[in-house]
Structures are given as structure tokens and as C-alpha cells.
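In the working numbering, the protein residues as written are -17 to 102.
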Ligand code: HEC
């Protein structure tokens, strides 16, 4: 009786384990993924000397949502202050942003692009 119970328990664990495996994998990779997003699109509290944090917050929210509909979140530091206005103009149209949303995104990326990366 006891051996049947333990066998069933083992089988249950195996089935459970297989079903939970993707979850464990996800948990293992999540911190790395967070660091990647944090480096690509630094969160607003890490932007030092920011005057209008609510505008920056609004811009970041759009940047990590509407600007990731077609591709992954782009590293803000990858493009210069001279390049960003044209990119936001072009991409803002594709993301169907209003002029004020484009303004928020541009303000955010220009402030975020100089934030130093966090270590993994
Ligand atoms: C409708 C799909 C779509 C949306 C929405 C979108 N993009 Fe893009 N993005 C693309 C494609 C496709 C490319 C590849 C290059 C190209 O076609 O110009 C690209 C390229 C880029 C590049 C690289 C440009 C370069 O010259 O190397 C950046 C930066 C970028 N997108 C930022 C953004 C931002 C910021 C937003 C939000 C305002 C956004 N994207 C929204 C489709 C999109």
C-alpha cells in the first residue's frame, strides 16, 4: 500500500514538474530580462535632474508599450540627440501617436539616453 502511494506521489511530482518547468525557466530568466529593459529604457527615477517627471513617465509608458508593438524595446542610448527627433517623427506615425504623445516620447528618450547602464 505504502509503495503504491509513494509511486503515485512520484508520478504526480513528475507530471507536476513537467508542467511547472516553463515557469521555473521563466523565473530564472526574468531578472536578466528586467535588467535588459532597464538598460534599454531606464526608469524615470534613474534620470537625474529631471524637471518634468510626469511628462517623462508618460513618455516612458508609451515607449515601452506602443513603441514595442512591432519590435523589442530599443536602447535609448543607441541613438544620438540629433537622431532621435527624426526617429520619433517616423516611428510616431507608425505607432499612430498624437503630437503630444510624440512630444512625451521624445522628451523621455532624450533624457533617458544618457543614463548609465545597470550591471547584470
Ligand atoms: C508599426 C510598427 C512599428 C511601430 C509601432 C514602431 N516601430 Fe520602430 N521600427 C519599425 C520597423 C519596421 C523598423 C525597422 C527599420 C525601418 O523600417 O525603418 C523600426 C525601427 C526602429 C528604430 C531603429 C531606427 C534606425 O534607423 O536604426 C528605432 C530607434 C525605432 N524603431 C523606435 C521606435 C519608437 C520610439 C516607436 C514608438 C514611437 C516605434 N519604433 C514604433 C516598426 C515600428
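Glycine residues also receive a C-beta, built at the ideal position from the N, C-alpha and C atoms.
The structure displayed is predicted, hence computed values, not measured ones.
Member of the options whose CA lies at the smallest distance from the CA of residue i
i	options	result
residue 87	100, 36 and 52	36
residue 56	89, 95 and 27	95
Which of helix, strand or coil DSSP assigns to residue i
i	result
residue 97	coil
residue 61	coil
residue 74	helix
residue -11	helix
residue 53	coil
Limits of the unbroken alpha helix (DSSP H) element including residue i
i	result
residue 35	35 to 47
Contact test: residue i Cβ vs ligand 1 heavy atom, cutoff 8 Å
i	result
residue 79	yes
residue 87	yes
residue 40	no
residue 76	yes
residue 43	no
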